[in-house]
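**Student:** Please see the structure below; I have some questions.
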Amino acid sequence: MKSYMKFIDAQSSDCGVVIRKTNNSYLVETSGGTLSCTLAGRFKQGSRADPVVIGDIVRWLAIGPEAGQIVEVLPQRNQLARRSAVPMPTAHAHEQPIAANVDQVVAVFAAAQPRLAWNLLDRYLVSAEAARIPALICLTKLDLVEGRPEAAEIRAVMAEYQASGYPVILTSTVTGAGLSELDAALCDRLSVFVGKSGVGKTSLLNAIEPGLGLRVQAISRSTGKGRHTTTHVELFTLASGGSIIDTPGIREFGLWNVAEDDLAWFFPEMRPFVGTCKFGLDCQHDQEPGCAIRKAVGAGAISPYRYQSYLKLKREP
Numbered sequence: 003m004k005s006y007m008k009f010i011d012a013q014s015s016d017c018g019v020v021i022r023k024t025n026n027s028y029l030v031e032t033s034g035g036t037l038s039c040t041l042a043g044r045f046k047q048g049s050r051a052d053p054v055v056i057g058d059i060v061r062w063l064a065i066g067p068e069a070g071q072i073v074e075v076l077p078q079r080n081q082l083a084r085r086s087a088v089p090m091p092t093a094h095a096h097e098q099p100i101a102a103n104v105d106q107v108v109a110v111f112a113a114a115q116p117r118l119a120w121n122l123l124d125r126y127l128v129s130a131e132a133a134r135i136p137a138l139i140c141l142t143k144l145d146l147v148e149g150r151p152e153a154a155e156i157r158a159v160m161a162e163y164q165a166s167g168y169p170v171i172l173t174s175t176v177t178g179a180g181l182s183e184l185d186a187a188l189c190d191r192l193s194v195f196v197g198k199s200g201v202g203k204t205s206l207l208n209a210i211e212p213g214l215g216l217r218v219q220a221i222s223r224s225t226g227k228g229r230h231t232t233t234h235v236e237l238f239t240l241a242s243g244g245s246i247i248d249t250p251g252i253r254e255f256g257l258w259n260v261a262e263d264d265l266a267w268f269f270p271e272m273r274p275f276v277g278t279c280k281f282g283l284d285c286q287h288d289q290e291p292g293c294a295i296r297k298a299v300g301a302g303a304i305s306p307y308r309y310q311s312y313l314k315l316k317r318e319p
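Each residue of the sequence shown is one higher than the one before, counting from 3 in the numbering used here.
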């Protein structure tokens, strides 16, 4: 059984999983095949622009041989979301759902081309923690830095994430390094891949599952930034039994539903110290005397790099 179908009762013939969205159409996988579905009218009256997310378990009504209408979204186990970009000063940010009912978030970053953005990685990890979804870090294009000075720095930073409890897999589609390890980590799980354009998500998926035949684009020479290869969110099944939700490249990832005062809780290495400061839960963990988290940084229990990233996230929207 496909990993994402295990939560559907075998007797529920009118339920399925949303595996793709294009324009106003949703592809729903059911126990009897796939259906092209539209939304029932009541969904269009809601406040959310995207009432249905890839990975959602939905109830549908047949309206044709291979067509249906989504009439209900069943309760989610979890949902990964970000804060929407605000196009103009008068606009308001809103929740932008990415995927639902996933077993893990795979944060994909390139060792080079495009340049590493560590703070973006921490945004992904905090969002996963807030949604109570396990996260895995996958570094691609390892071959571009092997034998160069930056390789040691990258490995040192990755070791800090591992010490914080995050699995780290270093990969290269050129040498094949880490691919079997990643494939094993995806087995029997529904994983959502997130990362900037150009980090190599598509090449990675093609290397793990050659039959996918996904289209790959090169990094822009003028900007050094990736271009969007994936244009919509879609769920794929792997031969290993795992499944992947592939997402378009994300250059900005604003935190959603993460209160500033709760941020430290979503750094696993800081969690044991939350509430033990001199000022208890009122401590901002910045300049306050008697801060247990600052003391832990000085003692080496918390990485200075991760602590600085925490402070940066507190000060940014």
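Where a beta carbon is used, it is the ideal one built from N, C-alpha and C, also for glycine.
For residue 234, which residues of its own chain have a beta-carbon under 8 Å away from its beta-carbon, when the five flanking residues on both sides are left out?
**Tutor:** Result list for residue 234: 22, 23, 24, 250, in chain order.
**Student:** Please check the pair residue 39 and residue 81, which I expect to be a contact at CB under 8 Å, by giving their CB distance rounded to whole angstroms.
**Tutor:** Wrong, their Cβ atoms sit about 20 Å apart, outside the cutoff.
**Student:** Suppose you measure from the CA of residue 56 to the CA of residue 123; what does that come to, to the nearest Å?
**Tutor:** Residue 56 and residue 123: Cα-Cα distance of roughly 22 Å.
**Student:** Have a look at 26, 30, 31 and flag the residue whose alpha-carbon is nearest the alpha-carbon of residue 46.
**Tutor:** Of 26, 30, 31, the residue nearest in Cα terms is 26.
**Student:** Where does residue 166 fall in DSSP's three states?
**Tutor:** Residue 166: coil per DSSP, three-state reduction.
**Student:** Would you please state the rounded distance, in angstroms, between the beta carbons of residue 19 and residue 65? I believe it to be under 8 Å.
**Tutor:** Residue 19 to residue 65, Cβ: 19 Å. No contact.
**Student:** Could you give the DSSP three-state label for residue 261: helix, strand or coil?
**Tutor:** Residue 261: coil per DSSP, three-state reduction.
**Student:** What three-state label does DSSP hand residue 298 in the structure shown?
**Tutor:** Helix, per DSSP.
**Student:** Just reading off the alpha helix (DSSP H) that residue 37 is part of, what are its end residues?
**Tutor:** Segment 35 to 41 is the beta strand (DSSP E) holding residue 37; no alpha helix (DSSP H) there.
**Student:** Give every residue of the same chain whose Cβ lies closer than 6 Å to the Cβ of residue 295, excluding the five residues on either side of it in the sequence, and list them in chain order.
**Tutor:** Same-chain partners within the cutoff: 272, 275, 287.
**Student:** Judging by CA-CA distance, which residue of 137, 115, 128 is the nearest neighbour of residue 147?
**Tutor:** Of the listed residues, the one whose Cα sits closest to residue 147 is 115.
**Student:** How close, in whole Å, do the beta carbons of residue 125 and residue 100 come, if the pair is a contact with beta carbons under 8 Å?
**Tutor:** Between residue 100 and residue 125 the Cβ distance is about 12 Å, and since that is not below 8 Å, they are no contact.
**Student:** With a threshold of 8 Å, are at least 3 pairs of Cβ atoms found where one atom belongs to the segment 243 to 263 and the other to the segment 193 to 206?
**Tutor:** Counting Cβ pairs under 8 Å, three or more are found: they touch.
**Student:** Using the beta-carbon count (16 or more within 10 Å), is residue 131 buried or exposed?
**Tutor:** Flag for residue 131 reads buried.
**Student:** Would you list the one or two residues that DSSP bridges to residue 195?
**Tutor:** Note: residue 195 sits in a beta bridge opposite 108, 248.
**Student:** Comparing C-alpha positions only, which one of 97, 255, 175 sits nearest to residue 54?
**Tutor:** When only C-alpha atoms are compared, the closest one is 97.
**Student:** Pick from 261, 192, 95, 305: whose alpha carbon is nearest that of residue 245?
**Tutor:** Looking at the Cα atoms, 192 is the closest of the given residues.
**Student:** Let me know if residue 186 comes out buried or exposed under the rule of 16 or more other beta-carbons within 10 Å of its beta-carbon.
**Tutor:** Exposed, since its Cβ has fewer than 16 Cβ neighbours within 10 Å.
**Student:** Should residue 140 and residue 170 be called a contact, given that it needs their Cβ atoms to be closer than 9 Å?
**Tutor:** Going by C-beta atoms, residue 140 is nearer than 9 Å to residue 170.
**Student:** Quick check: what's the CA-CA separation for residue 309 versus residue 35?
**Tutor:** Between residue 309 and residue 35, the C-alpha separation is close to 49 Å.
**Student:** Give the single residue among 118, 15, 301 whose Cα lies nearest to the Cα of residue 152.
**Tutor:** The shortest C-alpha separation from residue 152 is found at 118.
**Student:** Find the nearest neighbour of residue 15 within the set 315, 32, 205, 8, judged by alpha-carbon distance.
**Tutor:** Nearest C-alpha to residue 15: 32.
**Student:** In the DSSP assignment, find the unbroken beta strand (DSSP E) run with residue 6 in it and report its ends.
**Tutor:** Per DSSP, residue 6 belongs to no beta strand (DSSP E) and is neither H nor E.
**Student:** Restricting to Cα atoms, I'd like to know which of 163, 289, 28, 67 is closest to residue 303.
**Tutor:** Selected option, being the one with the closest Cα: 163.
**Student:** Measuring CA to CA, which of 210, 156, 52 is closest to residue 189?
**Tutor:** Nearest of 210, 156, 52 to residue 189, Cα basis: 210.
**Student:** Can you tell me whether DSSP reads residue 222 as helix, strand or coil?
**Tutor:** No answer about residue 222 holds up, because its pLDDT of 39 lies below 50 and its placement is not dependable.
**Student:** Can you find the residues in the same chain that come closer than 7 Å, C-beta to C-beta, to residue 277, ignoring five residues on each side of it along the sequence?
**Tutor:** 283, listed in sequence order.
**Student:** So the candidates are 293, 29, 241, 197; which of them puts its Cα closest to the Cα of residue 279?
**Tutor:** Cα-wise, what sits closest to residue 279 is 293.
**Student:** Please list the terminal residues of the continuous beta strand (DSSP E) segment that includes residue 22.
**Tutor:** 17 to 24 is the span of the beta strand (DSSP E), which, as asked, contains residue 22.
**Student:** Relative to the C-alpha of residue 77, which candidate in 67, 69, 61, 138 has its C-alpha closest?
**Tutor:** If we check each option's Cα against that of residue 77, 61 comes out closest.
**Student:** Could you please give me the residues that DSSP links to residue 71 through a beta bridge?
**Tutor:** Beta-bridge pairing links residue 71 to 40, 63.
**Student:** With the cut-off set at 9 Å, would you say residue 177 and residue 184 are in Cβ contact?
**Tutor:** Not closer than 9 Å, so no.
**Student:** Near residue 207, which residues of its chain fall below 8 Å by C-beta distance, leaving aside the five closest residues on each side in sequence?
**Tutor:** Around residue 207: 195, 214, 216, 238, 246, 248.
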